[in-house]
Amino acid sequence: MNKKYIVTLTDSERAELRKLISSGKGAARRLTHARVLLKADQGLTDDRIASEVEVGVATVERVRKRFVEEGLTASLDPRRPDKPRERKIDGEVEAHLIALACSTPPKGKARWTLRLLANKLVELEHLPEVSHETVRRALKQTSLGPGASRSG
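Its first residue numbered 587, the sequence shown is counted upward by one per residue in this note's numbering.
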């Protein structure tokens with residue numbers, strides 16, 4: 587089968603990749619992608635590269651494609667999302683969440699749980715839906731949430 591994306595490294599690119607790998611410093615994904623590119627440059631098949639580097643064939647194909655289309659740096663680094671995610675809990679909802687978390691818990695409960703807080707935010711129509719994990723992340727940004735550092 588003919589490969590659509592043929593990896594041909596220059597001497598300087600090859601040297602840069604070898605230096606990166608030999609230093610052993612850097613993100614694991616970056617080092618793995620460097621190994622994939624070096625093996626692809628040797629003309630190995632995707633199956634063999636995947637086996638030797640211990641990644642999936644799809645990863646090898648993706649690294650090849652990114653190298654050919656976008657260059658060495660892009661093929662080593664993970665792709666960033668095109669647009670940032672919109673925050674579900676903005677300042678106003680966060681204020682309601684904090685007030686709720688500081689209030690007396692519902693009858694029969696010793697304290698507010700993340701799930702109770704999430705359900706109450708929906709019940710009070712501050713948000714159409716919200717997960718307990720989103721509530722946890724919002725509270726962690728304050729001094730109220732689980733895992734937040736508390737001074738005092």
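By construction, the Cβ of each residue, glycine as well, lies at the ideal position given by its N, Cα and C atoms. Source: prediction; values computed, not measured.
{"Asked": "Would a C-beta distance cut-off of 8 Å place residue 715 and residue 708 closer than the cut-off?", "Found": "yes"}
{"Asked": "If you draw a straight line from the alpha carbon of residue 673 to that of residue 724, how long is it in whole angstroms?", "Found": "10 Å"}
{"Asked": "Taking DSSP as the reference, what is the three-state secondary structure of residue 642?", "Found": "coil"}
{"Asked": "Determine, using beta-carbon pairs with one atom in the region 630 to 650 and one in the region 680 to 688, whether at least three such pairs fall under 8 Å.", "Found": "no"}
{"Asked": "So for residue 680, helix, strand or coil by DSSP?", "Found": "helix"}
{"Asked": "Put residue 607 into one of helix, strand or coil per three-state DSSP.", "Found": "helix"}
{"Asked": "In the structure shown, what three-state DSSP assignment does residue 715 receive?", "Found": "coil"}
{"Asked": "Which class does residue 665 belong to by DSSP, given the choice of helix, strand or coil?", "Found": "coil"}
{"Asked": "So is residue 605 buried or exposed if we call it buried at 16+ other beta carbons inside 10 Å?", "Found": "exposed"}
{"Asked": "Between the Cα of residue 625 and those of 608, 609, 650 and 612, spot the shortest distance and give me the residue it belongs to.", "Found": "650"}
{"Asked": "Under the rule that 16 or more other beta-carbon atoms within 10 Å means buried, what is residue 665, buried or exposed?", "Found": "exposed"}
{"Asked": "State the DSSP-derived secondary structure class of residue 672, mapped to helix, strand or coil.", "Found": "coil"}
{"Asked": "Is DSSP giving residue 592 helix, strand or coil here?", "Found": "coil"}
{"Asked": "Taking all protein chains shown into account, decide if residue 633 is buried (16 or more other Cβ within 10 angstroms of its Cβ) or exposed.", "Found": "exposed"}
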